[in-house]
Structure formats: C-alpha cells, structure tokens
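Enquirer: Take the sequence shown: its letters are residues -17 to 261, numbered as in my numbering.
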Amino acid sequence: MSFRKIMKCVVPALTLLLVLLSVTGCTTNPYTNRSQFLLIPESQEVQMGNRAYAQALNDPKVVISKNQAEVEPVQRVAERIIAAAKQSKYAKRAESFQWEVTVIKADGTKNAWALPGGKIAFYTGIFPEAKDENGLAAIMGHEVVHALARHGAERVSQHTAADLGMRIAGAAFNMKPLTQTLAMQALGIGVLLPFSRDHESEADYIGLLLAADAGYDPREAVLLWKRMAESSKSSPPEFLSTHPAHETRIENLQKWMPEAMTRYERAEKAPASTLPSIE
C-alpha cells in the first residue's frame, strides 16, 4: 500500500481518536468549557516543571539579572498576577504552586515562560516589546495561564495518544519505519497543531482577563501584539505555526476586550512604569 493511501486511512482515524479523547476528556477548562484529555497526574507535571526550571537556570550560559531596574518591575507584575490567579477559577491550583520569578539577562532574546508549579522567567530582550508594566502583564498573564490550565500536560497526553495510535496503525498496515515517521510529521500538521493553537488562544483570552483583574490595562495587549507583528515580519504561515497569526490574535483580543475592560474598571489600578531600555 502506498504512503498516500495509508495516510488517507491513518490521518482520519487518528484525528477521530484525538477528537474523541478531547470530547471525553478528564476535565473541563473552567473559562472556555473546552474538554481536556490529561494522562499524567498534576504532581508529575509539577515535578517536570521544577526540573526544567532548575536545568534552565543551571545552564552556564544563563546570566540571572541582579539589576533591580530590570528585576523589580517583573516582580511587581508577578505579585499582582499571582494574587489575581489566587482569586480566579484556578484559585486552588494557584495557591498550591510554589511561585518563583527570575529575570534572565539576555538582551537579544525575546522570550518569557511559566512552568507547571509556578516557575516564571522573563528575558530582558522582551522589554522593548513589552514597553511598560502593562505590556509585561499581558505577556505574563498569557504565560501563567499555560501553567494554570495544564496545557503542557495536555500536549504530552495528546502526543502520547497520537504515538500510540501511530504504533497501532503501523502494525496494522505493516508500515516501514520511514513511512511511520512521515505519517507522524503529516499528523503533526493535520491534527496536533490545531490543538496547540487552541491552547494559545485560550491563554490569550484567560490571560487578558487575569491581567485586567490584576489592575493592568488590557488594551495594552493589542498594542503589544502589534509591536510583536512589526518585529517579526518573517513569521511562518499560520497553518504551520503553533501560535495564531498576529492578525488573528489581535482580532480575538479586540473581540474579548469588552469583558476585559469591565474587569479592569472594577480592579484596583496597577502602576505602569516604563521598563528600562536595553543596549
């Protein structure tokens, strides 16, 4: 049987498998009501996050910033975002996390992340995009939601299910190893990536609300992503990216803005100090 014929059978079957697993998931996202399929326990996920955090900081190439002008704004935003998380629909999980915040001195790296268990890292290279503490909050809200919503565990579960399905299909169709590899690559484009984009959109939405609850102007999220779009003109097409296209993301943020503004108007307003410039 040719690879094309095999894929015509395998991809629809595995797509159905992942959809069924999602529909019959173990839990439901409290904000979006999306079903989530989770194979690994939360305790294991937190352990994985702690190990990844330790490995990242112990890398000899990593320089942890001691400059208070860089560290303090990130810590201020984190305190308010974490406090808002502890009052959110993720309150129990947020309370259980052992939160830590690190600023990594890497002016050429535009990155930030939050791991299961509450380990947060911001790279100084993201400061020009964030511009001020409102921008930091937009980024941090997004990243923190990935951890609170257990998106990492869900991705591991999806990959595990897909791998299992591919092994079963490989045995059933007597596929050669190369054919199985090509099938998995096609599966990644056709099945798994849309789930990742769901995670990104979910983090955008809930993160926007979280930042607003923390007292940060949610309108800055739109301006942030417009700056991101300008600085990343060479972005890959949306169908080959785990992140939504900038235009899609901005449209969604604008759609959710009335709800976020209602929360912001109720919240105690946070300071929005301008971030230090980097050389």
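Idealized CB from N, CA, C, for every residue including glycine. All of these numbers come straight from a predicted model, not from anything done at the bench.
1. By a C-beta neighbour count over all protein chains shown, 10 Å radius and 16 as the cutoff for buried, is residue 100 buried or exposed?
2. Here's the rule I'm using: 16 or more other beta-carbon atoms within 10 Å means buried, otherwise exposed. How should residue 199 be labelled?
3. Residue 106 and residue 52: beta carbons closer than 8 Å?
4. Is there contact here, the stretch 224 to 242 with the stretch 26 to 37, by at least three beta-carbon pairs under 8 Å?
5. Quick check: the Cα distance between residue 195 and residue 138, rounded to an integer number of angstroms?
6. Does at least one heavy atom of the ligand COA sit under 7 Å from the Cβ of residue 45?
7. Cβ of residue 84 within 8 Å of Cβ of residue 46?
8. Provide the residue(s) that pair with residue 114 in DSSP beta bridges, ordered along the chain.
9. Can the beta-carbon of residue 332 be found closer than 8 Å to that of residue 119?
10. Quick one: what's got a C-beta closer than 8 Å to residue 112's C-beta in the same chain, skipping five residues either side?
11. Within 10 angstroms of the Cβ of residue 248, are there 16 or more other Cβ atoms? Answer buried if so, exposed if not.
12. Shortest alpha-carbon distance to residue 12 belongs to which of 54, 55, 49, 72?
13. For the candidate residues 189, 260, 228, whose alpha-carbon lies nearest to that of residue 242?
14. Which word fits residue 18, buried or exposed, when buried means at least 16 other C-beta atoms lie within 10 angstroms of its C-beta?
15. Taking the alpha-carbon positions, what's the residue 8 to residue 20 distance?
16. Name, in chain order, the residues that DSSP records as bridge partners for residue 10.
17. Using the Cβ count rule (16 or more neighbours within 10 Å means buried), how would you classify residue 114?
18. Could you check what DSSP says for residue 247 in three-state terms: helix, strand or coil?
19. Does the beta-carbon of residue 186 have 16 or more other beta-carbons within 10 angstroms, so that it is buried, or is it exposed?
20. Quick one, are the C-beta atoms of residue 116 and residue 61 less than 8 Å apart?
21. Under 8 Å by Cβ, that's how I've got residue 98 and residue 134 pegged, so tell me the actual separation to the nearest angstrom.
22. Helix, strand or coil for residue 55 per DSSP?
23. Could you tell me if residue 182 is buried or exposed, where buried requires 16 or more neighbouring beta carbons within 10 angstroms of its beta carbon?
24. Grouping DSSP H, G and I as helix and E and B as strand, with all else coil, what is residue 126?
25. Name the two residues that bound the continuous beta strand (DSSP E) containing residue 95.
26. If you drop the 5 nearest sequence neighbours on each side, which residues of the same chain put their C-beta closer than 7 Å to that of residue 142?
27. Quick check: what's the CA-CA separation for residue 229 versus residue 259?
28. Is the beta carbon of residue 86 closer than 8 Å to that of residue 76?
Expert: Taking the definition as stated:
1. One-based indexing of the sequence shown puts residue 100 at position 118. With 16 or more other Cβ atoms within 10 Å, it is buried.
2. The count along the sequence shown starts at 1 and reaches residue 199 at position 217. By the neighbour-count rule (16 or more Cβ atoms within 10 Å), residue 199 is buried.
3. Reading the sequence shown from its first residue, position 124 is the one you call residue 106. Reading the sequence shown from its first residue, position 70 is the one you call residue 52. Yes.
4. These segments do not touch.
5. Mapped onto the sequence shown, residue 195 falls at position 213. Mapped onto the sequence shown, residue 138 falls at position 156. A straight line joining the alpha-carbon of residue 195 with that of residue 138 spans about 30 Å.
6. With respect to small molecules bound, the structure shown includes none, and the ligand COA cannot be examined in it.
7. Taking the first residue of the sequence shown as 1, we reach residue 84 at position 102. Taking the first residue of the sequence shown as 1, we reach residue 46 at position 64. Result yes, Cβ atoms of residue 84 and residue 46 sit closer than 8 Å.
8. On the sequence shown, position 132 is the one that residue 114 refers to. In DSSP, residue 114 forms a bridge with 256.
9. With the chain covering only -17 through 261, there is no way to say anything about residue 332.
10. By 1-based counting over the sequence shown, the position of residue 112 is 130. Within the same chain, residue 112 has close Cβ partners 118, 120, 121, 206, 257.
11. The residue given as residue 248 occupies position 266 in the sequence shown. Classification of residue 248: exposed, given that the 10 Å Cβ count is below 16.
12. On the sequence shown, position 30 is the one that residue 12 refers to. With distances taken between Cα atoms, residue 12 lies closest to 72.
13. As a first step, residue 242 must be located in the sequence shown, where it is residue number 260. Minimum Cα distance to residue 242 is reached at 189.
14. Here residue 18 is taken as the residue at index 36 of the sequence shown, counted from 1. Residue 18 counts as buried, since at least 16 other C-beta atoms from the protein chains shown sit within 10 angstroms of its C-beta.
15. Along the sequence shown, read from residue 1 onward, the residue named residue 8 stands at position 26. Along the sequence shown, read from residue 1 onward, the residue named residue 20 stands at position 38. One C-alpha to the other measures close to 6 Å.
16. Position 28 of the sequence shown, counted from the first residue, corresponds to residue 10. Note: residue 10 sits in a beta bridge opposite 17.
17. In the sequence shown, residue 114 corresponds to position 132, counting from 1. The residue in question, residue 114, is buried, as its Cβ has 16 or more Cβ neighbours within 10 Å.
18. Position 265 of the sequence shown, counting from 1, holds the residue named residue 247. Three-state DSSP puts residue 247 in a helix.
19. On the sequence shown, position 204 is the one that residue 186 refers to. Buried, since its Cβ has 16 or more Cβ neighbours within 10 Å.
20. As a position in the sequence shown, residue 116 is number 134, starting the count at 1. As a position in the sequence shown, residue 61 is number 79, starting the count at 1. Contact annotation: residue 116 and residue 61 have beta-carbon atoms that are not nearer than 8 Å.
21. Locating residue 98 in the sequence shown gives position 116, where the first residue counts as 1. Locating residue 134 in the sequence shown gives position 152, where the first residue counts as 1. Yes, residue 98 and residue 134 are in contact; Cβ-Cβ is about 6 Å, under 8 Å.
22. Here residue 55 corresponds to residue number 73 of the sequence shown, with the count starting at 1. Looking at residue 55 - three-state DSSP - the assignment turns out to be helix.
23. Locating residue 182 in the sequence shown gives position 200, where the first residue counts as 1. Its Cβ being crowded by 16 or more others within 10 Å, residue 182 is buried.
24. Here residue 126 corresponds to residue number 144 of the sequence shown, with the count starting at 1. Correct three-state label for residue 126: helix.
25. Reading the sequence shown from its first residue, position 113 is the one you call residue 95. In this chain, the beta strand (DSSP E) harbouring residue 95 covers 94 to 97.
26. Taking the first residue of the sequence shown as 1, we reach residue 142 at position 160. Only 21 meet the Cβ criterion.
27. Here the question's residue 229 lines up with position 247 in the sequence shown. Here the question's residue 259 lines up with position 277 in the sequence shown. Distance between the alpha carbons of residue 229 and residue 259: 27 Å.
28. The sequence position of residue 76 within the sequence shown is 94, counting from 1. The sequence position of residue 86 within the sequence shown is 104, counting from 1. Their beta carbons are not under 8 Å apart, which means residue 76 does not touch residue 86 by this criterion.
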